[in-house]
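Asks: Position 73 (the sequence shown) corresponds to 73 in the UniProt record's numbering; numbering is contiguous. The C-beta atom is built at its ideal place from N, Cα and C for all residues, glycine as well.
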Amino acid sequence: MILVTGATGHLGAATIHFLLKKMPASQVAALVRDADKAAALTERGVTIRVGHYDDTASLDRAMQGVEKVLLIAGTDEENRVQQHKNVVDAAKKAGVPFIAYTSRTLKDRSTMANLLMEGHFQTEDYIIASGLTYALFRNVLYMDVIPQFVGASVFETGIHLPAGEGKVPFALRDEMGEAMANVLAADSSGSAIYNFTGSEGYSFADVAAVLTDLSGKRVKYTPAEPSVFETQLAGRGVPDVIVQRVIRFLTDIKNGQEDDVYPDLENLLGRKPASLREGLKGLYNLG
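#1: For D174, count the other beta carbons within 10 Å of its own beta carbon; 16 or more makes it buried, fewer makes it exposed. Which is it?
#2: Contact check, residue 290 vs G166 under 8 Å by CB: the rounded distance?
#3: Considering just the uninterrupted stretch of the beta strand (DSSP E) at I99, what are its terminal residues?
#4: Roughly how many angstroms lie between the CA atoms of H84 and S215, to the nearest whole one?
#5: Among the residues of its own chain, which have a CB less than 7 Å from the CB of E266, if the five just before and after it don't count?
#6: Relative to the alpha-carbon of L132, which residue among L250, G270, A90, D76 has its alpha-carbon at the smallest distance?
#7: Out of S103, T123, A152, T157, which has the shortest C-alpha to C-alpha gap to Y142?
#8: Distance check for R248 and L242, CA to CA, integer angstroms please.
#9: Taking 7 Å as the cut-off, decide whether the C-beta atoms of A71 and V46 are in contact.
#10: Tell me, which residues are paired with L3 by DSSP?
#11: Of the choices K107, T123, A94, M112, whose alpha-carbon is the least far from that of R80?
#12: Residues in its own chain within less than 6 Å of R277 by CB, not counting five upstream and five downstream?
#13: Thinking just about the alpha-carbon of each residue, which of T42, V150, F121 is nearest to the one in K107?
#14: When DSSP builds the beta bridges, which residues end up paired with T222?
#15: Is it the case that the Cβ atoms of L268 and I193 are separated by a distance below 7 Å?
#16: Which whole-angstrom value is the C-beta distance of A30 and R49, which I expect to be below 8 Å?
#17: What's the C-alpha gap between V69 and D36?
#18: Check each candidate in G95, Y221, L184 and name the one with the smallest Cα separation from F155.
#19: Grouping DSSP H, G and I as helix and E and B as strand, with all else coil, what is K139?
#20: For A171, count neighbouring Cβ atoms within 10 angstroms of its own Cβ and tell me buried if that reaches 16, exposed if not.
#21: What are the boundary residues of the beta strand (DSSP E) that includes A192?
#22: For Y126, does the three-state DSSP call read helix, strand or coil?
#23: So, under 8 Å CB-CB, P162 and G201 are touching, yes? Tell me the CB distance rounded to an integer number of Å.
#24: Please state the DSSP three-state secondary structure of V238.
#25: In angstroms with no decimal places, state the Cα-to-Cα distance between S58 and A181.
#26: For a quick check, are the C-beta atoms of V140 and T105 less than 7 Å apart?
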């Protein structure tokens with residue numbers, strides 16, 4: 001039995017989708033906060049276990065009969081390290097021999113601008129120290145979030161971000177889910193770390209060029225000064241805490257925190273991951 005947490009989120013749902021291509025639904029379980037939101041999984045025969053990261057009793061119940069756990073990183077950034085520890089502790093208490101975690105490919109934890117990402121490294125440290133066999137899935141920034149970064153009016157206004165010429169080997173979330181399912185469905189003989197990236201790094205200037213080519217509309221990338229970008233976001237009513245988080249995220253991109261390319265995703269998929277052009281074509285429904 002493989003238990004996937006965060007099962008109704010995008011990454012959890014994608015992983016389950018690909019697991020069901022490889023094994024009977026009776027061998028897949030989903031941890032969800034609300035069973036009603038998991039109706040689609042129930043219809044496919046997936047076992048639903050209701051619980052959440054703060055409720056240790058529910059985690060203890062969810063772990064019964066489980067051989068592998070996929071811990072999808074929580075979204076409560078202030079509390080998620082403790083939440084992750086709760087899941088690891090419950091797995092260990094129940095005698096679950098294997099745990100996997102969705103981490104990040106950030107290059108150097110000592111020089112990150114976005115300190116909220118430190119929680120991923122702290123979770124990794126805790127899992128490694130737990131004594132459980134583990135898989136750490138270090139995922140690059142999803143290509144799927146590019147539309148959120150560049151804005152809904154990108155074809156009219158262009159791209160204005162304080163990311164300099166920093167590059168990211170973006171990869172699609174679904175392909176990461178497929179690769180994780182391949183690892184989880186295989187016989188695991190030991191612990192491993194996987195770095196999931198695309199096959200090539202791209203800057204936001206590259207994003208602009210591809211969108212121009214796909215749409216026939218000129219999209220220009222203009223590197224913005226953080227102070228100007230901050231003022232623009234504040235003027236649109238974005239809360240300051242979110243403004244600072246976005247700026248730090250983009251600062252890490254500018255500083256090359258995500259520019260390493262690894263072959264792990266390609267190797268597990270058995271094909272090259274989607275290129276920037278292929279991904280944006282689908283995301284924007286162009287061409």
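Replies: The structure says:
#1: Taking the first residue of the sequence shown as 1, we reach residue 174 at position 174. Answer is buried; the Cβ neighbour count reaches 16.
#2: Beyond the ends of the chain as shown, which are 1 and 287, falls residue 290; an answer cannot be given.
#3: Taking the first residue of the sequence shown as 1, we reach residue 99 at position 99. Its beta strand (DSSP E) spans residues 98 to 104.
#4: Translated into the one-based positions of the sequence shown, residue 84 becomes position 84. Translated into the one-based positions of the sequence shown, residue 215 becomes position 215. Each residue's Cα considered, the two are about 42 Å apart.
#5: Sequence index remark: in the sequence shown, residue 266 carries index 266 (1-based). For E266, where only same-chain residues beyond five positions count, the Cβ hits under 7 Å are S199, K272, P273.
#6: Stepping through the sequence shown from its first residue, residue 132 is reached at position 132. Of L250, G270, A90, D76, the residue nearest in Cα terms is A90.
#7: As a position in the sequence shown, residue 142 is number 142, starting the count at 1. Taking only the C-alpha atoms, the option nearest Y142 is S103.
#8: Sequence index remark: in the sequence shown, residue 242 carries index 242 (1-based). Sequence index remark: in the sequence shown, residue 248 carries index 248 (1-based). As written in the sequence, residue 242 is Ile, which differs from the Leu given in the question. Going by the C-alpha atoms only, they are around 10 Å apart.
#9: Within the sequence shown, residue 71 is the residue found at index 71, counting from 1. Within the sequence shown, residue 46 is the residue found at index 46, counting from 1. A small fix is needed here, since residue 71 is Leu in this sequence, not Ala. In this structure, V46 does not lie closer than 7 Å to L71 by Cβ.
#10: By 1-based counting over the sequence shown, the position of residue 3 is 3. Bridge partners of L3: A29, V69.
#11: In the sequence shown, the residue the question calls residue 80 occupies position 80. Measuring from the Cα of R80, the nearest candidate turns out to be T123.
#12: As a position in the sequence shown, residue 277 is number 277, starting the count at 1. Only V210 meet the Cβ criterion.
#13: If you number the sequence shown from 1, residue 107 lands on position 107. With distances taken between Cα atoms, K107 lies closest to F121.
#14: Taking the sequence shown and counting its residues from 1, the one referred to as residue 222 is at position 222. Partner(s): H160.
#15: Taking the sequence shown and counting its residues from 1, one reaches residue 268 at position 268. Taking the sequence shown and counting its residues from 1, one reaches residue 193 at position 193. Cβ atoms of L268 and I193: not closer than 7 Å.
#16: For this step, residue 30 is matched to residue 30 along the sequence shown. For this step, residue 49 is matched to residue 49 along the sequence shown. Cβ atoms of A30 and R49 come within 8 Å of each other, at about 7 Å.
#17: The residue given as residue 69 occupies position 69 in the sequence shown. The residue given as residue 36 occupies position 36 in the sequence shown. Computed Cα separation, rounded: 22 Å.
#18: Residue mapping note: residue 155 aligns to position 155 of the sequence shown, counting from 1. Residue Y221 is the option with its Cα nearest to F155.
#19: In the sequence shown, counting from the first residue as 1, residue 139 sits at position 139. Going by the sequence as given, residue 139 is Asn instead of Lys. If DSSP states are grouped into helix, strand and coil, N139 belongs with the strands.
#20: Translated into the one-based positions of the sequence shown, residue 171 becomes position 171. Result: buried.
#21: Counted from its first residue, the sequence shown places residue 192 at position 192. Here the beta strand (DSSP E) through A192 covers 192 to 196.
#22: What you label residue 126 is simply residue 126 of the sequence shown in a count that begins at 1. Reduced to three states, the DSSP call for Y126 is helix.
#23: Translated into positions along the sequence shown, residue 162 becomes position 162. Translated into positions along the sequence shown, residue 201 becomes position 201. So it is not a contact: roughly 18 Å between Cβ atoms.
#24: Within the sequence shown, residue 238 is the residue found at index 238, counting from 1. V238 falls in the coil class under three-state DSSP.
#25: As a working note, residue 58 is residue 58 in the sequence shown. As a working note, residue 181 is residue 181 in the sequence shown. Answer to the nearest angstrom: the Cα atoms are 24 Å apart.
#26: As a position in the sequence shown, residue 140 is number 140, starting the count at 1. As a position in the sequence shown, residue 105 is number 105, starting the count at 1. Taking 7 Å as the Cβ cut-off, V140 and T105 qualify as a contacting pair.
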